[in-house]
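Peer 1: The opening position of the sequence shown corresponds to residue 1067 in the working numbering, with each subsequent residue numbered one higher.
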Amino acid sequence: MNDRKDDMQDGMAEATRLTRAGRLAEATAIIQRTLRGVLHKDGPGTGQDSATEPAYRIVEEKPSATETSTESSRRGTVPGNDTPAGSAEGRPAAVPGVHSHGAQRSPESIRSSTERIRRVTPGAPPSPAQTSGQFIDRTFSNAAGTRAYKLYIPSAYAGQPLPLVIMLHGCTQSSVDFAAGTRMNVLAERDTFFVAYPEQAQSANSSKCWNW
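1. Relative to the C-alpha of D1072, which candidate in A1087, L1101 and S1269 has its C-alpha closest?
2. Does DSSP classify F1244 as helix, strand or coil?
3. Can you tell me the Cα-Cα spacing of S1269 and Q1239, whole angstroms?
4. Should E1265 and G1199 be called a contact, given that it needs their Cβ atoms to be closer than 8 Å?
5. Considering only residues of the same chain and omitting the five flanking positions on each side of I1202, which have a CB-CB separation below 6 Å?
6. Which class does A1262 belong to by DSSP, given the choice of helix, strand or coil?
7. In angstroms, rounded to a whole number, what distance separates the CA positions of T1197 and A1222?
8. Sorted by chain position, which residues of the same chain lie with C-beta nearer than 6 Å to L1084's C-beta, five sequence neighbours on each side aside?
9. So what does DSSP say about T1094, is it helix, strand or coil?
10. If you drop the 5 nearest sequence neighbours on each side, which residues of the same chain put their C-beta closer than 7 Å to that of N1251?
11. Measure the alpha-carbon distance for A1210 versus A1267 and round it to whole angstroms.
12. Among F1259, K1274 and A1079, which residue has its Cα nearest to the Cα of L1230?
13. Might you give, ordered along the chain, the residues of its own chain that have their beta carbon closer than 6 Å to the beta carbon of E1080, omitting 5 neighbours on each side?
Structural data, given as structure tokens:
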């Protein structure tokens, strides 16, 4: 009886150690072997135990072909080879539709690519038809000093009161950059409101950031 108890404790201790080490398959096999050993020590077996319990063997689990391919793609290498994908010398493979660094492109090709980028880039400059109002330079002065700014006046303005939106550009930006990037003048033209873009003087801040 004590022998069976010792065998059980030893087996479970070893299974626990393997589980903590992440070797679950080996831990399972140890538990199966321990239980079979205890059952056999209880008395003559009927043969049913050995007939119903499958034989277990520990094998090293290898990554599947899909996992290997995915990992190779992430590292930029060919499966089974540490050489970067593309060629034996490690040169990157050519991608259809993408020009290599040193390739010469015709002016027509460059213009075509520029037009495609302009159509899909959110911050692309608006067309004249989208901003047919006036974008003028103005200054404002009071006891605190003088501030230059640009003002967008929508084409539908006819002297009526309109809302005014103030836009403060970021560091190193100008009001023109900010207007183009935000496309606020397009909205002002569409919805009929003024937009003022104060300019930070470089003498006030070397990076043209606002001093809060």
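Ideal placement from N, C-alpha and C gives every residue a C-beta, glycine not left out.
Peer 2: Walking through what the data contain:
1. Position 6 of the sequence shown holds residue 1072. Comparing alpha carbon positions, the residue from A1087, L1101 and S1269 closest to D1072 is L1101.
2. Against the sequence shown, residue 1244 aligns to sequence position 178. In the three-state reduction of the DSSP assignment, F1244 falls in the helix class.
3. In the sequence shown, residue 1269 corresponds to position 203, counting from 1. In the sequence shown, residue 1239 corresponds to position 173, counting from 1. Distance between the alpha carbons of S1269 and Q1239 is about 14 Å.
4. Along the sequence shown, one-based indexing puts residue 1265 at 199. Along the sequence shown, one-based indexing puts residue 1199 at 133. Between E1265 and G1199, the gap from beta carbon to beta carbon reaches 8 Å or more.
5. Here residue 1202 corresponds to residue number 136 of the sequence shown, with the count starting at 1. Here I1202 has L1217 as same chain residues with Cβ atoms under 6 Å from its own Cβ, once five neighbours each way along the sequence are excluded.
6. The residue labelled residue 1262 in the question sits at position 196 within the sequence shown. The answer is strand: DSSP assigns A1262 an E or B state.
7. Position 131 of the sequence shown holds residue 1197. Position 156 of the sequence shown holds residue 1222. Whole-angstrom Cα-Cα distance: 11 Å.
8. Walking along the sequence shown from the start, residue 1084 turns up at place 18. Cβ neighbours of L1084 beyond the five flanking positions: E1092 and A1093.
9. Indexing the sequence shown from 1 puts residue 1094 at position 28. If DSSP states are grouped into helix, strand and coil, T1094 belongs with the helices.
10. Here residue 1251 refers to the residue found at position 185 of the sequence shown. Within the same chain, N1251 has close Cβ partners P1192, T1197, F1201, Y1218, A1245 and V1261.
11. Within the sequence shown, numbered from 1, the residue matching residue 1210 stands at position 144. Within the sequence shown, numbered from 1, the residue matching residue 1267 stands at position 201. A straight line joining the alpha-carbon of A1210 with that of A1267 spans about 14 Å.
12. The sequence position of residue 1230 within the sequence shown is 164, counting from 1. That would be F1259, whose Cα lies nearest to the Cα of L1230.
13. Within the sequence shown, residue 1080 is the residue found at index 14, counting from 1. For E1080, the CB contacts under 6 Å within the same chain, skipping 5 residues up- and downstream, are I1096 in chain order.
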